[in-house]
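Chains as they are written, first to last, in the numbering used here: chain A, 1 to 295; chain B, 1 to 428; chain C, 1 to 267.
Ideal Cβ positions, reconstructed from N, Cα and C, are used throughout, including at glycine.
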Amino acid sequence: MRRVGRGAWLGRERVQSVLLVAPAVATLVLVALFPIVAAIWLSLQRKILLFGEQSFVGWDNYLLLLSDTRFHAALGRTFYFALVSVALELLLGLPLALLLHRAFPGRGLLRALVLIPWAIPTVVSARMWAWLFHPELGLVNRLLPWLSVNWLGTPGWALHAAIVVDVWKSTPFVAILLLAGLQAIPEDVDRAARVDGAGAWTRLWRITLPLLRPAMVLAVLFRMLDALRVFDAVWVLTGGGPAHTTETMSIYAYKTLLRAGNFGYGTTLAIANFACVMLVAVVYLRLLGPGREVE
Amino acid sequence: MTGLRAGPGRICLAAVLLVWGCLACRDPEPAETSADRRTIVLSMQPLWGPPEPFAALLADFEARHPGIRVEVRTLPNDSDLARQAFLTALGGGDPRPDVYVLDVVWVAEFARAGFLRSLEGTPLWASLEPELLPGPAAAARWDGRPWAAPWYVDVGLLYRRTDLVPHAPSTFLELERDARRAMAQDPGLAGLVWQGRQYEGLTVNALESIWGHGGGGGSEGRLALNTPEAVAGVRWLRHTIASGLSPPGTTSGAEEEARRRFQAGRAVFMRNWPYAWAELQREGSPVRGRVGVSALPTLDGHPGPGALGGWMLGLNAHADPAHLDAALALLGHLSGEEAAVTLAVHYARLPARRAIYRSPEVLREAPFIASLLPQVERARPRPVTPYYGLLADTVQGSLSRAVTGVAPAQEALTEAQRLSDAMMGTGP
Amino acid sequence: MRRLGLLLLGAALLTFLLGPVVWQARTSLQPEASLGADGALPFTLEAWRALFEREDFLWSLFNSIAVAAVTTLYCLTVGASAAFALARLRFPGRGLLLATALAITTFPPIAIVSPLYLSLRGLGLLDTRMGLVLPYATFALPLTLWLLTSFFRQIPLALYQAARVDGCTPFQAFRRVILPLAGPGLTTTGLLVFVFAWNEFLFALSFLTTPAKRTVPVAISLFAAEHAEPWAEIAAASILATLPLVVLTLVFQRRIVSGLTAGAMKG
Numbered sequence: 001m002r003r004v005g006r007g008a009w010l011g012r013e014r015v016q017s018v019l020l021v022a023p024a025v026a027t028l029v030l031v032a033l034f035p036i037v038a039a040i041w042l043s044l045q046r047k048i049l050l051f052g053e054q055s056f057v058g059w060d061n062y063l064l065l066l067s068d069t070r071f072h073a074a075l076g077r078t079f080y081f082a083l084v085s086v087a088l089e090l091l092l093g094l095p096l097a098l099l100l101h102r103a104f105p106g107r108g109l110l111r112a113l114v115l116i117p118w119a120i121p122t123v124v125s126a127r128m129w130a131w132l133f134h135p136e137l138g139l140v141n142r143l144l145p146w147l148s149v150n151w152l153g154t155p156g157w158a159l160h161a162a163i164v165v166d167v168w169k170s171t172p173f174v175a176i177l178l179l180a181g182l183q184a185i186p187e188d189v190d191r192a193a194r195v196d197g198a199g200a201w202t203r204l205w206r207i208t209l210p211l212l213r214p215a216m217v218l219a220v221l222f223r224m225l226d227a228l229r230v231f232d233a234v235w236v237l238t239g240g241g242p243a244h245t246t247e248t249m250s251i252y253a254y255k256t257l258l259r260a261g262n263f264g265y266g267t268t269l270a271i272a273n274f275a276c277v278m279l280v281a282v283v284y285l286r287l288l289g290p291g292r293e294v295e
Numbered sequence: 001m002t003g004l005r006a007g008p009g010r011i012c013l014a015a016v017l018l019v020w021g022c023l024a025c026r027d028p029e030p031a032e033t034s035a036d037r038r039t040i041v042l043s044m045q046p047l048w049g050p051p052e053p054f055a056a057l058l059a060d061f062e063a064r065h066p067g068i069r070v071e072v073r074t075l076p077n078d079s080d081l082a083r084q085a086f087l088t089a090l091g092g093g094d095p096r097p098d099v100y101v102l103d104v105v106w107v108a109e110f111a112r113a114g115f116l117r118s119l120e121g122t123p124l125w126a127s128l129e130p131e132l133l134p135g136p137a138a139a140a141r142w143d144g145r146p147w148a149a150p151w152y153v154d155v156g157l158l159y160r161r162t163d164l165v166p167h168a169p170s171t172f173l174e175l176e177r178d179a180r181r182a183m184a185q186d187p188g189l190a191g192l193v194w195q196g197r198q199y200e201g202l203t204v205n206a207l208e209s210i211w212g213h214g215g216g217g218g219s220e221g222r223l224a225l226n227t228p229e230a231v232a233g234v235r236w237l238r239h240t241i242a243s244g245l246s247p248p249g250t251t252s253g254a255e256e257e258a259r260r261r262f263q264a265g266r267a268v269f270m271r272n273w274p275y276a277w278a279e280l281q282r283e284g285s286p287v288r289g290r291v292g293v294s295a296l297p298t299l300d301g302h303p304g305p306g307a308l309g310g311w312m313l314g315l316n317a318h319a320d321p322a323h324l325d326a327a328l329a330l331l332g333h334l335s336g337e338e339a340a341v342t343l344a345v346h347y348a349r350l351p352a353r354r355a356i357y358r359s360p361e362v363l364r365e366a367p368f369i370a371s372l373l374p375q376v377e378r379a380r381p382r383p384v385t386p387y388y389g390l391l392a393d394t395v396q397g398s399l400s401r402a403v404t405g406v407a408p409a410q411e412a413l414t415e416a417q418r419l420s421d422a423m424m425g426t427g428p
Numbered sequence: 001m002r003r004l005g006l007l008l009l010g011a012a013l014l015t016f017l018l019g020p021v022v023w024q025a026r027t028s029l030q031p032e033a034s035l036g037a038d039g040a041l042p043f044t045l046e047a048w049r050a051l052f053e054r055e056d057f058l059w060s061l062f063n064s065i066a067v068a069a070v071t072t073l074y075c076l077t078v079g080a081s082a083a084f085a086l087a088r089l090r091f092p093g094r095g096l097l098l099a100t101a102l103a104i105t106t107f108p109p110i111a112i113v114s115p116l117y118l119s120l121r122g123l124g125l126l127d128t129r130m131g132l133v134l135p136y137a138t139f140a141l142p143l144t145l146w147l148l149t150s151f152f153r154q155i156p157l158a159l160y161q162a163a164r165v166d167g168c169t170p171f172q173a174f175r176r177v178i179l180p181l182a183g184p185g186l187t188t189t190g191l192l193v194f195v196f197a198w199n200e201f202l203f204a205l206s207f208l209t210t211p212a213k214r215t216v217p218v219a220i221s222l223f224a225a226e227h228a229e230p231w232a233e234i235a236a237a238s239i240l241a242t243l244p245l246v247v248l249t250l251v252f253q254r255r256i257v258s259g260l261t262a263g264a265m266k267g
């Protein structure tokens with residue numbers, strides 16, 4: 001057996017690791033760096049399309065955020081939306097993944113079909129749900145006649161209708177990530193536990209879920225990041241209404257940026273949204289401890 | 001290990017896809033303007049209907065102007081999406097497109113932002129202006145100068161079921177009375193369907209109601225939202241929902257929701273744009289032949305003004321100056337008589353030129369459009385101000401609050417006035 | 001008993017997820033003019049017929065497949081190599097790279113669409129499908145990195161070390177030992193990246209202007225007239241638009257099969 005010197009081993013590792021990572025880093029830096037820096041620069045300006053003016057105002061836009069009640073309302077709403085959506089997606093995605101993990105005829109086809117809600121373009125599926133939520137003609141109210149709610153037109157209910165749409169769309173995403181995680185769990189562990197007489201629930205709780213932790217952490221992380229930035233589904237469903245009650249941070253930013261043409265403050269709002277998302281990600285990853293998932 | 005066995009197969013598949021992908025992605029360079037053919041880029045939205053008549057229109061233009069080629073770029077019809085695409089391109093100083101469509105409410109704003117080249121002093125405008133109807137002409141002007149050529153217009157109309165209501169109501173009271181009479185006989189009917197979702201359509205509906213109650217806030221610069229007439233107008237809208245005259249779904253409905261409900265025969269009255277007529281009279285429509293159109297109601301019974309909608313054609317201020325003549329020629333061609341007739345007959349677009357409504361061809365082939373001349377003459381533009389985009393969102397929010405009953409009309413409008421004053425007051 | 005409970009739960013979930021899709025399919029088979037009316041409507045193929053007459057839409061399917069495929073392959077290739085280094089090799093700044101990648105992917109697209117437009121225009125990549133792949137790959141790469149790093153870490157260290165002891169360079173160990181076992185991870189990540197590229201709307205709308213080059217979501221948004229929407233046709237288009245994804249999943253779903261890790265441990 002060849003004996004490789006330890007120094008050479010490490011040195012080659014380092015060189016190879018840099019080479020392996022270089023294309024990814026290059027892509028990210030070359031494409032994303034300028035636009036992001038440009039956006040941050042824009043958020044420090046007062047640029048309103050209509051006035052044709054552009055002036056540097058430093059932190060003024062960000063200070064404006066602190067007193068912007070509309071922003072605060074949007075912030076609270078977005079967090080509520082994200083928390084409820086992601087919780088439901090996890091609650092529904094896990095059983096779905098477990099179901100798809102079992103072997104049964106037609107499993108392959110079912111796995112492909114289950115992906116459809118995630119695969120349909122959001123602008124189309126949200127419009128479809130808008131019809132499903134129609135107070136008189138929609139399927140939802142026809143199936144639940146005792147409820148008969150004006151889903152999208154009542155200030156309280158509209159946000160929850162949006163949550164339903166997001167859950168419908170994203171549960172397959174969570175399920176498919178969890179499924180991949182389930183596939184990585186070696187069968188022997190489960191088999192051994194079964195031989196030892198452990199019941200199904202115990203097996204699930206004590207063995208499967210802990211081993212599934214990496215996949216769950218990732219699924220929740222990416223869903224949280226997406227849910228906090230939700231735009232398409234809500235926009236198509238209600239456009240931020242009625243009476244601003246479904247206006248999430250991204251919708252507020254969009255309206256300010258493109259409807260009002262207030263590029264400076266609009267970018268600030270978008271970046272504030274981003275800051276919230278990053279904050280959540282950092283807190284989330286810290287709370288879970290330096291995991292074995294990643295760093 | 002199954003993985004290894006499948007490895008080569010997977011690699012092959014990947015390679016095939018990669019090659020195909022790269023082949024597919026390698027686009028030929030767009031044909032640059034050669035020495036003897038100039039390409040004018042026209043950005044517009046797809047006109048719903050057979051593509052041939054419009055293609056023939058463009059071909060006709062190219063035949064009359066040898067050496068010029070028109071390249072059409074389509075944008076979604078959704079006003080917000082088109083606006084987004086334009087702000088990205090024009091905001092970046094893109095010289096393309098040379099000619100583009102713009103919503104009637106964008107004209108002042110885009111002019112102020114420097115996206116449009118004024119048409120003042122051009123022979124095009126000199127020949128076009130006398131032909132235009134007052135609404136579009138007013139919407140095309142800002143700061144005393146013309147900035148765009150009206151292409152086609154839209155106007156708010158009152159549709160009714162002629163079998164349930166033979167004579168068109170002229171006041172709000174009459175409308176409610178007629179509707180309730182029909183609803184009493186058929187409980188599944190909605191009295192009046194309109195657009196109450198929080199978007200621009202709500203502003204349009206609200207303005208029409210405000211104008212019907214005698215309010216102004218029309219073509220002057222400042223939005224007058226806090227007047228008693230405005231409050232009365234918005235209160236009427238809230239009343240239709242609160243009293244059950246309009247179905248609860250109205251607060252989340254746009255044009256299509258209203259149209260489909262009316263088309264299914266489940267509404268007595270509908271406020272909508274002229275496009276609905278063609279759909280309602282289509283083969284297979286449950287209400288075919290039983291629909292009438294009239295002006296919107298008012299307090300005292302005189303025919304109410306509908307809101308002016310529609311699109312205009314403008315010149316990109318950043319466009320290549322060498323293209324200016326060609327672009328102006330295209331603008332002239334598309335806003336000319338022939339084009340207006342084509343649009344009216346084949347695409348059901350209301351002309352902005354008065355004479356077209358009486359042209360024999362339109363009278364023969366598109367009688368409905370010809371019959372709308374009185375409505376279009378009365379059509380009122382929304383406030384023509386560069387601040388419209390800035391204000392629209394705020395106004396929509398306040399109106400939505402009033403219409404859904406979250407706040408009383410007076411309070412919502414006071415707030416809207418305060419916010420819009422604050423916004424317009426922070427100008428340079 | 002428990003099995004019945006599971007079955008019911010499964011059935012409920014599937015009804016919730018697939019019910020609206022079936023509804024969508026049903027809508028696509030109904031006459032446009034009477035959609036919205038009560039009662040059962042006759043089935044008709046008019047929406048599908050009209051859909052297949054839309055040449056631009058059919059081209060958009062091809063465009064979307066091309067763009068999404070290239071994006072996915074790029075991300076998987078570049079991402080897998082990088083993820084391997086991040087998972088198994090001593091790489092300085094691993095946490096920083098992953099954190100930055102996350103930041104990039106969560107940066108609001110609406111805020112950077114204008115500067116990106118300017119960059120692409122400067123590079124001459126505006127209105128080219130290749131020019132669309134670049135931002136797509138950039139935004140999908142972080143997801144790829146995070147997912148694949150996690151999946152690679154779950155492959156037992158012992159295997160990698162055994163290969164290295166046998167004399168392989170890190171890259172050889174990667175190619176011969178790790179990669180074949182990463183089937184589930186690669187397939188899942190690939191599918192998710194593909195769907196992302198397939199459904200992305202904002203960049204596709206802003207960066208591609210020639211009708212023949214447009215992707216599916218934008219093509220569908222062009223169906224609507226100024227006010228009217230051909231709802232049955234849009235429903236048909238959305239069903240058609242998901243077919244490639246379903247087919248792709250079916251083709252690759254055997255790669256999501258487990259048992260490879262178990263086998264490796266025994267061997």
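{"Query": "Limits of the alpha helix (DSSP H) - the one that W235 of chain A falls within", "Result": "232-238"}
{"Query": "Contact with chain A by Q410 of chain B, beta-carbon distance below 8 angstroms", "Result": "no"}
{"Query": "Span of the alpha helix (DSSP H), counted from its first residue to its last, around Q84 of chain B", "Result": "79-91"}
{"Query": "is_contact[H244 of chain A, chain B] using C-beta, thresh 8 angstroms", "Result": "yes"}
{"Query": "contact_flag[the stretch 152-160 of chain B, the stretch 300-320 of chain B] where n(CB pairs < 8 angstroms) is 3 or more", "Result": "yes"}
{"Query": "Within-8 angstroms CB hit, E136 of chain A to chain B", "Result": "yes"}
{"Query": "Given 8 angstroms, three or more beta-carbon pairs between the stretch 225-236 of chain A and the stretch 122-135 of chain A", "Result": "yes"}
{"Query": "Ordered list of alpha helix (DSSP H) runs contained in the stretch 195-271 of chain A, each at least 4 residues", "Result": "209-227, 232-238, 249-254"}
{"Query": "Candidates A:D188, A:G199, A:A161, of which the one nearest S252 of chain B by Cα", "Result": "A:A161"}
{"Query": "Cβ-based burial, L8 of chain C [other Cβ within 10 Å; buried from 16]", "Result": "exposed"}
{"Query": "Residue-level contact to chain C via CB, V86 of chain A, 8 angstroms cutoff", "Result": "no"}
{"Query": "Interface partners of A225 of chain C on chain B, CB under 8 angstroms", "Result": "P46, L47, W48, N77, Y275"}
{"Query": "Residue range of the beta strand (DSSP E) that includes P184 of chain C", "Result": "From DSSP, P184 of chain C is part of no beta strand (DSSP E) but of the alpha helix (DSSP H) over 183-199."}
{"Query": "For R46 of chain A: DSSP bridge partner residues", "Result": "A:S55"}
{"Query": "Minimum C-alpha distance to F283 of chain C - residue among C:Y136, C:A225, C:A173, C:A228", "Result": "Not covered by the structure: residue 283 of chain C. The range shown for chain C is 1 to 267."}
{"Query": "Neighbouring residues, chain A, relative to T106 of chain C (Cβ below 8 angstroms)", "Result": "L225, R229, F274, V277, M278, A281"}
{"Query": "CB contact below 8 angstroms: Q183 of chain A versus chain C", "Result": "yes"}
{"Query": "8 angstroms Cβ cutoff, T249 of chain C in contact with chain B", "Result": "no"}
{"Query": "Residues that DSSP places opposite M270 of chain B in a beta bridge", "Result": "B:Y159, B:V193"}
{"Query": "Buried or exposed by the 16-neighbour rule on C-beta atoms within 10 Å, applied to G197 of chain A", "Result": "exposed"}
{"Query": "Sequence-distant residues of the same chain with beta carbon closer than 8 angstroms to I65 of chain C, five excluded per side", "Result": "P244"}
{"Query": "Where Y387 of chain B meets chain A, residues with beta-carbon distance less than 8 angstroms", "Result": "L50"}
{"Query": "Contact the stretch 399-408 of chain B vs the stretch 325-343 of chain B: 3+ CB pairs below 8 angstroms", "Result": "no"}
{"Query": "Rounded C-alpha distance that separates Q45 of chain A from G389 of chain B", "Result": "20 angstroms"}
{"Query": "Per-residue contacts from G79 of chain C into chain A (C-beta, under 7 angstroms)", "Result": "A24"}
{"Query": "DSSP three-state assignment for E71 of chain B, whether helix, strand or coil", "Result": "strand"}
{"Query": "Proximity below 8 angstroms, CB of P97 of chain B to CB of N77 of chain B", "Result": "no"}
{"Query": "Three-state class that DSSP yields for I210 of chain B in the structure shown", "Result": "helix"}
{"Query": "Inter-residue spacing [alpha-carbon to alpha-carbon] between A74 of chain A and T187 of chain C", "Result": "37 angstroms"}
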